[in-house]
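Residue numbers (our numbering): 1316 to 1566.
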Ligand code: SF4
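Here it is, written out as structure tokens:
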């Protein structure tokens, strides 16, 4: 029987999806739980991963890119862009390529989409109809809030980024974030903000993350209006598989 691969992103949804799959298939199927280590994630993500290993009663296989030292900043410097039409280079280099080298063609893949993400899942199916998929959260009608509640009841403290008000445990300074997100990063993690602003400046305007709405001119992070955006604007989670879908959508 084929393997089941759970991608663990240090987020609430992927943790609960993994737990549900282990409960349903743990005794009958080979289940692998994989995570991609990324240097720029909050260090508390590792504590959350260790807590979830205890909850699962299983070890998580941690994959680590060697070409770029598992660093998003190194990917940006060497690729000379931060975000393109086909998605974020960091996600491809540090997550998707690692998983591609690990995956077997008949693996069943567990996706941590919640019911709020049914549309994203539908798009994924449309573009990846050769892959055997499992969506335990959608199957059970579970929301992101439900997942947070389940973890709380299991006595697992959420990663620090959630507790600081972020939508997920993505890297500190995620290139998928909007204006409000980046203003929050500037307040909470000024050094990381400066590092990424400096990379933008070194590469030049083609690497700037944002454009002025009125003039359509690109502007550097340091020029970001401190009052722009909402602090609670959504930030898409970054997983091996969501990124595959997003790259297909934007291709
Ligand atoms: S979380 Fe954001 S910055 Fe980190 S790898 Fe994913 S897209 Fe890149």
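Just so you know, even glycine gets a beta-carbon here, dropped at the ideal spot from N, CA and C. A quick note: this is a predicted structure, and the numbers were derived from the prediction, not measured.
Is it buried or exposed for residue i, if we count other Cβ within 10 angstroms and need 16 for buried?
i	result
residue 1330	buried
residue 1377	exposed
residue 1434	exposed
residue 1456	exposed
residue 1353	buried
residue 1543	exposed
residue 1557	In this prediction, residue 1557 has a pLDDT of 47, which is less than 50 and means its spatial position is unreliable; nothing more can be read from the coordinates.
Confirm the yes/no value for this check: CB of residue i, any heavy atom of ligand 1, distance under 6 Å.
i	result
residue 1491	yes
residue 1553	yes
residue 1406	yes
residue 1350	no
residue 1365	no
residue 1486	yes
residue 1387	yes
residue 1512	no
residue 1403	yes
Do residue i and residue j have their CB atoms nearer than 7 Å?
i	j	result
residue 1375	residue 1348	yes
residue 1337	residue 1391	no
residue 1522	residue 1396	yes
Could you work out which residue in the options is closest to residue i when comparing CA atoms only?
i	options	result
residue 1461	1363, 1372, 1429, 1380	1429
residue 1415	1356, 1379, 1388, 1431	1379
residue 1381	1408, 1469, 1506, 1402	1408
residue 1339	1473, 1458, 1451, 1500	1451
residue 1517	1394, 1445, 1552, 1501	1394
residue 1477	1356, 1437, 1508, 1527	1356
residue 1474	1343, 1401, 1365, 1421	1365
residue 1351	1336, 1387, 1343	1387
residue 1325	1318, 1319, 1344, 1358	1358
residue 1491	1467, 1334, 1553	1553
residue 1323	1316, 1496, 1335	1335
residue 1495	1400, 1539, 1458, 1483	1539
Using 7 Å as the limit for Cβ to Cβ distance, is residue i near chain B?
i	result
residue 1324	No chain B is part of this structure, which consists of one protein chain only.
Length-filtered (4 minimum) alpha helix (DSSP H) runs lying within the segment 1471-1531 = 1475-1478, 1494-1503, 1505-1518
Mind listing, in chain order, the continuous beta strand (DSSP E) runs of no fewer than 3 residues lying wholly within the segment 1359-1425?
-> 1376-1378, 1423-1425
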